[in-house]
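Chemist: Under my numbering, the residue at position 40 of the sequence shown is numbered 45, and the numbers go up by one with no gaps.
We put the beta carbon where it would ideally sit given N, CA and C, even for glycine.
From a predicted model like this one, the values you see are computed outputs, not experimental measurements.
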Amino acid sequence: MVEKAQAYIEAGHSYQVNLSLRASMDLEGDPTRLYHQLRSMNPSPYQALVLAPEVTLVSASPELLVDVDGRQLVTRPIAGTRPRGDTPAEDRALAGELRADAKERAEHAMLVDLARNDLGRVAEHGTVEVAEDAIIERYSHVMHLVSEVRGRLAPEADAWDAFEALFPCGTISGAPKRRSMEIIDELEPVSRGAYTGSLGLVTPEWSTWNILIRTLVLQDGRAHVQAGAGIVADSDPEREHAESMAKAQALLEALGVAQEVSV
């Protein structure tokens, strides 16, 4: 799958394609308890539990699609990953390696630029800025490069316009988005369903939407775990697979699944 995506990239169809893997297993137990276990193991800023008639979502998402507070717009693209270290010294070394990785920084900058352009479609002219650039955020099993892009919502636009401008974001599709999504649809063996969708909370004063990554989808007695990585021309398939598995590890541990699973 990675090699096929790279063939499209080398042919000029895309600069980056975000491909994902899915693991599925039988599930017994209370989803609410699973949610609390995941929240304890891997606290994340955009966690949620959705109990719907046909599907349950247990999300530990670290990524904000867009927040609209009055006229203030914020999006926080994540691109660039390393596993956590076993010791504080190893953790610091991995963070330094991530910051210094030219490939990771270039991919991050490309996706931040895409987020700036998307936000600019609904923001007042001249208000879009990168408020935080490629900072390190740490979670239970991985660390990420994260940036924060801000702007002021244009007078003629509303929160739904902001959502439509940013969804789906480049960090879970690729660049350019439309062609990358076509490649994903061709190469991934199953539909993503809720994975990389968005879950939002909307009030008259503010609205916020996450990106449904690090999310368990529970349906018909089965649990589906999905994680992905951004593929570029010089990506190493084994390294990208390892990155995807590291992202999924907190979910798998919450399910009580052994570290090695078949995907």
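Compare the C-alpha of residue 150 against each of 159, 101, 197 and 124 and name the closest.
Modeler: As a working mapping, residue 150 is identified with position 145 in the sequence shown. Nearest C-alpha to residue 150: 101.
Chemist: What is the rounded straight-line gap between the Cα of residue 194 and the Cα of residue 131?
Modeler: By one-based count along the sequence shown, residue 194 stands at place 189. By one-based count along the sequence shown, residue 131 stands at place 126. Roughly 42 angstroms separates the two Cα atoms.
Chemist: Could you pull the start and end residues of the beta strand (DSSP E) that residue 107 belongs to?
Modeler: Start at 1 with the first residue of the sequence shown, and residue 107 comes out as number 102. Unbroken run through residue 107 is the alpha helix (DSSP H), 107-125; no beta strand (DSSP E).
Chemist: Assign residue 101 to one of three DSSP states: helix, strand, or coil.
Modeler: Within the sequence shown, residue 101 is the residue found at index 96, counting from 1. It is helical.
Chemist: Kindly provide the ranges of any alpha helix (DSSP H) runs that are 4 or more residues long and lie completely inside the region 149-212, ordered along the chain.
Modeler: Listed in chain order, the complete alpha helix (DSSP H) runs (minimum 4 residues) inside the region 149-212 are 164-171 and 182-192.
Chemist: By DSSP, does residue 12 sit in helix, in strand, or in coil?
Modeler: Residue mapping note: residue 12 aligns to position 7 of the sequence shown, counting from 1. Here residue 12 sits in helix by DSSP.
Chemist: Using a threshold of 9 angstroms, state whether the C-beta atoms of residue 139 and residue 110 are closer than that.
Modeler: As a position in the sequence shown, residue 139 is number 134, starting the count at 1. As a position in the sequence shown, residue 110 is number 105, starting the count at 1. Yes, they are a contact pair.
Chemist: At what residues does the beta strand (DSSP E) containing residue 242 begin and finish?
Modeler: Along the sequence shown, read from residue 1 onward, the residue named residue 242 stands at position 237. It is not in any beta strand (DSSP E) - residue 242 instead sits in the alpha helix (DSSP H) that spans 242-259.
Chemist: So which of 126, 96 and 204 has the shortest CA-CA distance to residue 166?
Modeler: Counting from one through the sequence shown, the residue named residue 166 turns up at place 161. Answer by Cα proximity: 126.
Chemist: Determine whether the beta carbon atoms of residue 231 and residue 220 lie at a separation below 9 angstroms.
Modeler: Here residue 231 is taken as the residue at index 226 of the sequence shown, counted from 1. Here residue 220 is taken as the residue at index 215 of the sequence shown, counted from 1. Yes.
Chemist: Considering only their Cβ atoms, is the gap separating residue 42 from residue 236 smaller than 9 angstroms?
Modeler: In the sequence shown, counting from the first residue as 1, residue 236 sits at position 231. In the sequence shown, counting from the first residue as 1, residue 42 sits at position 37. Their beta carbons are not under 9 angstroms apart, which means residue 236 does not touch residue 42 by this criterion.
Chemist: Please state the DSSP three-state secondary structure of residue 61.
Modeler: Reading the sequence shown from its first residue, position 56 is the one you call residue 61. Residue state, collapsed to three classes: strand.
Chemist: Output needed for residue 224: all residues of its chain with C-beta closer than 6 angstroms, excluding positions within five of it in sequence on either side, in chain order.
Modeler: In the sequence shown, residue 224 corresponds to position 219, counting from 1. Result list for residue 224: 60, in chain order.
Chemist: Which residue comes first and which comes last in the alpha helix (DSSP H) that contains residue 45?
Modeler: Counting from one through the sequence shown, the residue named residue 45 turns up at place 40. Element bounds for residue 45: 36-46.
Chemist: Can you tell me whether DSSP reads residue 225 as helix, strand or coil?
Modeler: As a first step, residue 225 is located in the sequence shown; it is residue number 220 there, counting from the start. Three-state result, residue 225: coil.
Chemist: Between which residues of its own chain and residue 203 is the CB-CB distance below 7 angstroms, once the five residues before and five after are set aside?
Modeler: Counting from 1 along the sequence shown, the entry for residue 203 is found at position 198. Excluding positions up to five away in sequence, the list reads 70, 172, 214, 215, 216 and 217.
Chemist: Can the beta-carbon of residue 227 be found less than 9 angstroms from the beta-carbon of residue 32?
Modeler: Reading the sequence shown from its first residue, position 222 is the one you call residue 227. Reading the sequence shown from its first residue, position 27 is the one you call residue 32. Their beta carbons are under 9 angstroms apart, which means residue 227 touches residue 32 by this criterion.
Chemist: Using the three-state DSSP reduction, which class does residue 31 fall into: helix, strand or coil?
Modeler: The residue labelled residue 31 in the question sits at position 26 within the sequence shown. Residue 31: strand per DSSP, three-state reduction.
Chemist: On a CA-only basis, which of 254, 259 and 258 is nearest residue 26? Give me that one, please.
Modeler: Translated into positions along the sequence shown, residue 26 becomes position 21. Here the closest residue by C-alpha is 254.
Chemist: Taking residue 199 as the reference, give the member of 50, 188, 57 and 94 with the closest Cα.
Modeler: On the sequence shown, position 194 is the one that residue 199 refers to. The candidate whose alpha carbon is nearest that of residue 199 is 57.
Chemist: Pull up the distance between the alpha-carbon of residue 67 and that of residue 210, whole angstroms please.
Modeler: The residue labelled residue 67 in the question sits at position 62 within the sequence shown. The residue labelled residue 210 in the question sits at position 205 within the sequence shown. Taking the straight line joining both Cα atoms gives about 23 angstroms.
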